[in-house]
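I have placed the structure first, in the form of structure tokens, so that the comments after it can refer back to it.
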Amino acid sequence: MIPRVSGTEGNRKVREFIENSMRDLGWTVEEDAFMANTPYGSKPFVNIIATLNPKACRRLMIACHYDSKLFPGKNFVAATDSAVPCSMMIEIARHFSSSLQKHKTERNDLTLQFVFFDGEEAFKDWTDTDSLYGSRHLAALWNKSRFPKNQADRQRCPGDYASELDRIDVMVLLDLLGTANPSIYSYFPETNPLYAKILRAEQRLNDLSLLEAEPPKTTTTYFKNRLSFGGVDDDHKPFASRGVPIVHVIPMPFPSVWHKMSDNGDALNHPTILNLIKIFKVFIAEYLHLAI
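Structure representation (structure tokens):
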């Protein structure tokens, strides 16, 4: 893990790693590159959009942010925020590689899309203009990008579409994951049925003794069967404000290492990370009807 503040060489290296990893797995990778004003002047940002089958009408969108927060003069690697979520997504794509390629050739109605946002972090203090640079730009871009674009699109996707945003079934945003025993809640009543599928995936894996619990516990309970209405500002916000359904996978409270130099490899609990990967694999496999 390396610092990867937006506009830096570290950010570029991580972006290239993500893009090469997804291309090697047969995904179509696009960049949403733009300049934006920050408290330190104009900076470049690049969102990464990896789509399994760009011709598919609908998307199950899984997202994270790959930038890290600026702490001048310090080596902040932001393991949970969000190196681990990005790594989890790439691992899931690797695991399902053959199943996803089969899905790509057999189904044109639904596909998997991974979005890696740049510029989630504020450069100074979190405000509406100093934060969420990448997600604000991409949500606005897709909102004004018409779909269907042509007659072929209309014939292939006859549903009620007006923009690229309408192609997103749901946006599942992963953030601040990697420490032991996170407590995650359902934050949006309208997507609680989808959240419940993730909760049930965890329960079923526990029933099969396929998750590694922290002793003396014998099961995990990361996903709580409870709605929480104390929403958190994050990359989902510009999409939610435009009507995209959201499942926000973020622990409450935040990890104790949040925005501290101790958010590094030593803070990570590898059984928890592997457990979460298994849970998301089950959720994605069931949503897309993949063979696990």
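Its first residue numbered 4, the sequence shown is counted upward by one per residue in our numbering.
Yeah, the Cβ is synthetic: ideal placement off N, Cα and C, and Gly gets one too.
Which residues DSSP lists as bridging residue i, in chain order
i, result
"K16", "Looking at the DSSP assignment, K16 forms no beta bridge with any residue, so it has no partner."
"M38", "P47"
"L230", "S189"
"S166", "R149"
"A66", "V118 and L176"
"P254", "I187"
"L113", "R61"
"V285", "Answer by DSSP bridge pairing: none, since V285 is not bridged."
"A82", "The partner list for A82 (beta bridge, DSSP) is empty, contrary to what the question assumes."
"V32", "A53"
Exposure of residue i, with buried meaning 16 or more beta-carbon neighbours within 10 Å
i, result
"S186", "exposed"
"F232", "exposed"
"R15", "exposed"
"N153", "exposed"
"K107", "buried"
"H239", "buried"
"P57", "exposed"
"T182", "buried"
"S259", "exposed"
"K105", "exposed"
"D84", "buried"
"K220", "exposed"
"M38", "exposed"
"E12", "exposed"
"E193", "exposed"
Nearest candidate by alpha-carbon position, reference residue i, set the options
i, options, result
"V87", "N23, P256 and L271", "L271"
"L213", "A53, E34, W129 and P274", "P274"
"R170", "S148, I95, S189 and Y188", "S148"
"L177", "P218, K263, T223 and V235", "V235"
"P218", "R203, N184 and Y190", "N184"
"F74", "I287, F119, S265 and G246", "S265"
"E33", "N40, A39 and E22", "E22"
"L141", "K72, R97, F48 and P151", "F48"
"L202", "D131, L135 and K281", "K281"
"D35", "S244, I52 and M25", "I52"
"V118", "A96, D112 and L211", "A96"
"S90", "K72, L135, S24 and A143", "S24"
"D112", "N40, R139 and Q158", "Q158"
"W129", "H251, D237 and G44", "D237"
"N2", "E19, R139 and R26", "Within the shown structure, residues of the chain are numbered from 4 to 295, placing residue 2 beyond reach of any answer."
Neighbourhood of residue i by C-beta distance below 7 Å, restricted to the same chain and skipping five residues each side
i, result
"Y42", "The sequence given here places Pro at residue 42; Tyr does not occur at that position. So the qualifying residues of the chain are F126, K127 and D133."
"T223", "E205, N209, L214, A216 and N278"
"A294", "S102"
"G10", "K46 and P47"
"F226", "I187, I201, L202 and E205"
"H98", "K284"
"W145", "S166, E167 and L168"
"A243", "I249"
"G162", "C60"
Contacting residues, own chain, Cβ-Cβ under 8 Å from residue i (five flanking each side not counted)
i, result
"S100", "L28 and G29"
"M4", "V80, A81, A82, A86, N267 and G268"
"K200", "F286, E289 and Y290"
"K77", "M264"
"F150", "D156, C160, Y164, A165, S166, E167, D169 and R170"
"G246", "L168"
Chain-order list of residues whose beta-carbon lies under 6 Å from that of residue i (same chain, five-residue window excluded)
i, result
"Q116", "T54, R62 and M64"
"S189", "N195, Y198 and L230"
"R2", "Coverage of the chain is limited to positions 4 through 295, which leaves residue 2 absent and any answer about it impossible."
"V17", "R7 and Y69"
"G137", "F48, N50, F120, D121 and G122"
"D172", "R61 and L63"
"V175", "I65 and V250"
Expected contact under 8 Å - CB spacing of residue i and residue j to nearest Å
i, j, result
"I276", "F191", "Between F191 and I276 the Cβ distance is about 25 Å, and since that is not below 8 Å, they are no contact."
"A66", "T114", "At roughly 15 Å, the Cβ-Cβ gap does not stay under 8 Å, so A66 and T114 are not in contact."
"I93", "L179", "No, I93 and L179 are not in contact; Cβ-Cβ is about 18 Å, not under 8 Å."
"K72", "H262", "6 Å"
"P241", "L135", "6 Å"
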